[in-house]
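Using the working numbering, you'd call the opening residue of the sequence shown number 292 and step up by one each time.
All residues carry an ideal CB built from backbone N, CA and C; glycine is no exception.
The structure appears below as structure tokens.
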Amino acid sequence: MLEELKTNYGYLFEEELLQEINSVGTYKDVPEGHHLIEIGDYIRSMPLLISGAIKILREDTNGDELILYFIERGDTCAMTLSCCLGQSKSEIRAVAETDTKLIMIPVQKMEEWLGKYKSWQKFILQSYHDRMSELLHAIDTIAFLKMDERLFKYLKDKAMVNHNEVIHVTHQEIAQDLHTSRVVISRLLKKLSINGKIELHRNNIKVIDL
Numbered sequence: 292m293l294e295e296l297k298t299n300y301g302y303l304f305e306e307e308l309l310q311e312i313n314s315v316g317t318y319k320d321v322p323e324g325h326h327l328i329e330i331g332d333y334i335r336s337m338p339l340l341i342s343g344a345i346k347i348l349r350e351d352t353n354g355d356e357l358i359l360y361f362i363e364r365g366d367t368c369a370m371t372l373s374c375c376l377g378q379s380k381s382e383i384r385a386v387a388e389t390d391t392k393l394i395m396i397p398v399q400k401m402e403e404w405l406g407k408y409k410s411w412q413k414f415i416l417q418s419y420h421d422r423m424s425e426l427l428h429a430i431d432t433i434a435f436l437k438m439d440e441r442l443f444k445y446l447k448d449k450a451m452v453n454h455n456e457v458i459h460v461t462h463q464e465i466a467q468d469l470h471t472s473r474v475v476i477s478r479l480l481k482k483l484s485i486n487g488k489i490e491l492h493r494n495n496i497k498v499i500d501l
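What follows is the structure, given as structure tokens:
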């Protein structure tokens, strides 16, 4: 685990902190589709991503979901941080977008390291900044983009975090992530295909215009 830590976080953290993470962190292999965090959970540890991607979702009172953003290698989730440090229940759902490797850091160490390591403090503050920017971007997307533009952005984002222009996802899954109906998504995917931005296949979608 230490070598993977150094590869992914060696440029951020000093050797002493890397050694501490290695000694107290719990390494996990998480399969695609696994729910890491559920709404209403008390969060006892924070994930550091080694590889893969996680999508962060909100849920309304009817149980419908809306995707907020993705986190990738070298990232963590600001909402997880808030819940850990505030000892409050999670207001988001975190689902593995791909097979993911991560290290779970106990909440007690998170707080201790804020005062002990400048690099950790900088990392946490930068993570808050990055996730806040992504949240604002998500709000702008919902408020100002038409549904076909939102859909194409979603497909591009999904292709980027998967590092593959071919996306394996159903129309129903897209509809759930974008909080709309499968019929609307199917119609807009056909439109994007006619405009040459994607190719529709039986079991996947290829994003052409990255």
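Other residues of its chain near residue i: CB distance less than 8 Å, five sequence neighbours each side excluded
i	result
Gly-331	Lys-380, Ser-381
Leu-469	Leu-357, Ile-358, Met-438, Arg-441, Leu-442, Tyr-445, Ile-476
CB contact flag (residue i, residue j, <8 Å)
i	j	result
Asn-467	Glu-323	Rather than Asn, the amino acid found at residue 467 in this sequence is Gln. Against a cut-off of 8 Å, the Cβ pair of Glu-323 and Gln-467 comes out as no contact.
Ser-410	Glu-305	yes
Arg-384	Ile-430	no
Asn-313	Leu-339	no
Val-452	Asn-495	no
His-326	Val-398	no
His-476	Leu-436	In the sequence as presented, His is not what sits at residue 476; that position holds Ile. No, they are not a contact pair.
Lys-297	Leu-393	no
Ile-334	Glu-295	no
Exposure label - residue i; buried when at least 16 CB within 10 Å
i	result
Gly-343	buried
Ile-499	exposed
Lys-346	buried
Gly-316	buried
Thr-391	buried
Thr-367	buried
Leu-474	The displayed chain sequence assigns Val, not Leu, to residue 474. Per the 10 Å Cβ criterion, exposed.
Leu-416	exposed
Glu-402	exposed
Thr-371	buried
Ser-336	buried
Same chain, Cβ closer than 6 Å to residue i, neighbours up to 5 away in sequence not counted
i	result
Glu-350	Ile-330, Glu-356
Gly-365	Asn-299
Q | Stretch-stretch touch, CB-based, cutoff 8 Å, three pairs: the segment 344-363 with the segment 302-318 | A | no
Q: Evaluate contact between the segment 439-447 and the segment 478-487, counting only Cβ atoms and requiring at least three cross-stretch pairs below 8 Å.
A: yes
Q.
Check whether the segment 457-464 and the segment 407-425 touch, using three or more Cβ-Cβ pairs below 8 Å as the test.
A. no
Q: List in chain order: all unbroken alpha helix (DSSP H) runs of 4+ residues lying wholly within the segment 425-454.
A: 438-453
Q: Would you mind listing the alpha helix (DSSP H) stretches within the segment 334-383 that are 4+ residues and don't spill past its ends, in chain order?
A: 369-377
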